[in-house]
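Here the structure comes first, spelled out in structure tokens, and everything after it is commentary.
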Amino acid sequence: MSAAVDSGVQIQASNAARQCSNFTYKGRCGYANCRFVHDESARQTALEEKAQAKQVTLSRSSASTRPSDVPPPPEGRPSVPASLRFLLGGESVRSHPYLKKFAAMPWLQRLMDSPFCQKLFHVQGKRLRKELTEAIGLLHACERALRKHAVKEDTGSKGRPVTIVDLCSGKGFGSLVLACSFPDSQVIAVDLNPNMDLAHFGLCPNLSFRELNLESASTTGDLVDMLTSRPKDGLVLLVGVHLCGMLSIHAARLFRQVPGPAAFVLAPCCLDKRLPGIKQRAKRLGIDPYVYWCLKLLIEEVPANCRRELFQDDDMQTTRNSFVLGLKS
Numbered sequence: 012m013s014a015a016v017d018s019g020v021q022i023q024a025s026n027a028a029r030q031c032s033n034f035t036y037k038g039r040c041g042y043a044n045c046r047f048v049h050d051e052s053a054r055q056t057a058l059e060e061k062a063q064a065k066q067v068t069l070s071r072s073s074a075s076t077r078p079s080d081v082p083p084p085p086e087g088r089p090s091v092p093a094s095l096r097f098l099l100g101g102e103s104v105r106s107h108p109y110l111k112k113f114a115a116m117p118w119l120q121r122l123m124d125s126p127f128c129q130k131l132f133h134v135q136g137k138r139l140r141k142e143l144t145e146a147i148g149l150l151h152a153c154e155r156a157l158r159k160h161a162v163k164e165d166t167g168s169k170g171r172p173v174t175i176v177d178l179c180s181g182k183g184f185g186s187l188v189l190a191c192s193f194p195d196s197q198v199i200a201v202d203l204n205p206n207m208d209l210a211h212f213g214l215c216p217n218l219s220f221r222e223l224n225l226e227s228a229s230t231t232g233d234l235v236d237m238l239t240s241r242p243k244d245g246l247v248l249l250v251g252v253h254l255c256g257m258l259s260i261h262a263a264r265l266f267r268q269v270p271g272p273a274a275f276v277l278a279p280c281c282l283d284k285r286l287p288g289i290k291q292r293a294k295r296l297g298i299d300p301y302v303y304w305c306l307k308l309l310i311e312e313v314p315a316n317c318r319r320e321l322f323q324d325d326d327m328q329t330t331r332n333s334f335v336l337g338l339k340s
């Protein structure tokens with residue numbers, strides 16, 4: 012046999028050879044770890060058999076995990092990502108208040124029908140639930156801030172015009188929810204990364220993106236100048252979810268610079284290593300370091316002449332679930 016292989020003689024592949032799974036096609040022989048030299052027809056047959064077996068396995072797996080009460084997408088509409096379909100057909104959407112609120116949103120079907128949102132929702136189920144609870148948690152905090160600022164938020168009434176700025180927005184999951192929920196407001200998502208896929212922003216005419224480095228005084232100055240040119244009776248709502256370390260401080264200082272009526276909604280994230288001693292001071296006081304960090308931001312960074320508030324949102328699926336609110340007239 013070895014002489015035949017060395018001489019390059021074509022030998023019909025046996026069943027044992029076709030079952031070899033670790034192979035890389037190299038010219039005449041399709042099985043790098045096999046001792047046979049296969050002809051082209053045998054190689055093609057083996058590949059077809061393997062593809063058919065894989066398809067059968069995928070079909071069985073899909074049939075066993077697909078919820079029976081979630082119908083397939085209607086013809087002519089884009090396919091809804093499986094993770095979103097599972098979520099909408101699962102128990103959590105009926106028991107979790109924020110997922111239930113998301114499922115009842117009047118604009119949800121528009122998102123599901125749009126091909127621009129397919130990639131946004133194409134994430135694992137656990138990650139999707141986290142993203143949604145954080146986005147609806149942000150919406151809840153914004154509604155709370157607007158109520159306290161006496162701004163009419165229902166779309167049927169003409170209240171004070173609101174400009175919402177989502178700081179360090181990332182892919183803009185929260186920005187999209189805010190733009191859909193407040194269609195009469197202008198929502199500006201700002202982030203340092205201009206290369207993200209933001210095709211879903213095209214779904215809302217009141218949603219836009221602006222590249223901005225929150226740690227740069229010059230770029231934040233440009234943003235303040237832009238916000239200064241808003242309508243005289245307009246209100247600016249600065250929001251930020253899970254801004255890490257010093258970014259939370261920069262966001263609070265940006266809020267200080269915004270003239271006129273404004274509101275600030277911030278969910279801080281991790282502590283900054285450039286601020287030593289926070290964990291030690293929290294330990295001495297007997298409180299959680301994250302809670303201490305939020306209190307420090309509220310007391311030291313939000314102006315004292317503002318109405319200030321700190322509350323915890325237990326419905327967000329994250330341990331970083333505290334919101335710092337600031338309101339100024």
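Each number in the working numbering corresponds to the 1-based position in the sequence shown with 11 added.
Quick reminder that beta carbons are idealized off the backbone N, C-alpha and C, glycines included.
Asked: Of the residues L187, A93, L157 and R138, which one's Cα is nearest the Cα of L119?; Found: L187
Asked: Quick one: grab the DSSP three-state call for V302.; Found: helix
Asked: For H261, I'd like the list of residues in its chain whose CB is within less than 6 Å of its CB, leaving aside the five on either flank, ordered along the chain.; Found: L225 and E226
Asked: Given this structure, state the Cα-to-Cα distance separating A146 from G185, to the nearest angstrom.; Found: 5 Å
Asked: Comparing C-alpha positions only, which one of I199, S103 and S106 sits nearest to L223?; Found: I199
Asked: Taking the runs of the beta strand (DSSP E) that are 3 residues or longer, which of them lie wholly in the region 190 to 233?; Found: 197 to 202 and 218 to 222
Asked: Look at V313 and A274 and say whether their C-beta atoms are less than 7 Å apart.; Found: no
Asked: Taking the continuous beta strand (DSSP E) assigned at G337, which residues delimit it?; Found: S333 to K339
Asked: Put V269 into one of helix, strand or coil per three-state DSSP.; Found: coil
Asked: Would you check if the region 268 to 287 and the region 240 to 247 touch, i.e. whether three or more CB-CB distances between them fall below 8 Å?; Found: yes
Asked: For R318, list the residues DSSP reports as bridge partners.; Found: L338
Asked: Under a three-way DSSP split, which group does D165 fall into?; Found: With a pLDDT of 47 at D165, under the threshold of 50, the predicted position of this residue should be treated as unreliable, and no value is reported.
Asked: Would A114 and L131 qualify as a contact pair, given that the criterion is a beta-carbon distance under 7 Å?; Found: no
Asked: Applying the criterion that 16 or more other CB atoms from any shown protein chain within 10 Å of the CB defines a buried residue, is E142 buried or exposed?; Found: buried
Asked: Measure the C-alpha to C-alpha separation of G297 and Y303 and round it to an integer number of angstroms.; Found: 10 Å
Asked: If you reduce the DSSP assignment to three classes, tell me which class P126 lands in.; Found: helix
Asked: Helix, strand or coil for V313, going by three-state DSSP, please let me know.; Found: coil
Asked: For G288, list the residues DSSP reports as bridge partners.; Found: G288 pairs with nothing; no bridge assigned.
Asked: Between the region 205 to 215 and the region 279 to 298, are three or more C-beta pairs nearer than 8 Å?; Found: no
Asked: According to DSSP, is V134 helix, strand or coil?; Found: coil
Asked: Note the first and the last residue of the continuous beta strand (DSSP E) segment covering G181.; Found: That residue, G181, is in no beta strand (DSSP E); it is neither H nor E in DSSP.
Asked: Of the choices R292, R295 and F266, whose alpha-carbon is the least far from that of V335?; Found: F266
Asked: So, for T239: in the same chain, excluding its five sequence neighbours on each side, which residues have a beta-carbon less than 7 Å away from its beta-carbon?; Found: P270
Asked: So, at 7 Å on beta carbons, what are the nonlocal neighbours of L338 in its own chain, with the 5 sequence-adjacent residues on each side left out?; Found: A156, K159, H160, A274, C317 and R318
Asked: Please report the residue range of the beta strand (DSSP E) in which G251 lies.; Found: L246 to L254
Asked: Taking the continuous alpha helix (DSSP H) assigned at P108, which residues delimit it?; Found: P108 to A114
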